[in-house]
Amino acid sequence: MVDRLNTITDPATEDSEPLRQDIRLLGDILGNIVRDQAGDEIFDLVETARVESFRIRRSEIDRADLANRLASVPTDDLTPVIRAFSHFALLANLAEDLHRERRRSVHVHAGDPPPNSSLAATYAKLDSADLHPDTVSDALATALVAPVITAHPTETRRRTVFDV
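For the sequence shown, position 57 matches number 70 in this note's numbering, and the numbering has no gaps at all.
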């Protein structure tokens, strides 16, 4: 199981199949945990919501259909469903992080140049521009550099979600 998570894919492609496999594996593990800890009824509710969500995304059913189905479910039963989806989003984020690192490693091992948005590429561009170090230093001294911190759209690390 762990070997598959660390597999380096073919450097000639940006294959996302390992990412899909990782997400599927983590989803299966989460499903088993939901079934073990919350029971088959909650697991089935999570699965129904998951499948219906895909159908909504493919425009096969209307969003109101799922909303109506869930409206009759007691809040105590919905809480573990919400929690399961939150945990799944977190696991998917972790799988994406792993995949990004996997792809970076493939490119490094292949000897590919660093991505344009990386510091390594910036250093290489500055070096090839044959600028005097004082010119670069002066430009950086007057530059406004500020971090922009935003959450991923599926970021679920907010404590309130897990404390429900």
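Positions of the beta carbon are idealized from the N, C-alpha and C atoms, including for glycine.
* What whole-angstrom Cβ distance do V94 and A62 have, given they're in contact under 8 Å? -> 6 Å
* Distance, Cα to Cα, R82 vs A97? -> 18 Å
* Asked: Going by the beta-carbon positions, is the gap between P126 and A134 smaller than 8 Å?
  -> yes
* Quick one: Cα of S141 to Cα of N129, how far? -> 14 Å
* **Runs of beta strand (DSSP E) wholly within the region 119-148 (minimum 3 residues, chain order)** => none
* Should P31 go down as buried or exposed, given a rule of 16 or more other Cβ atoms within 10 Å for buried? -> buried
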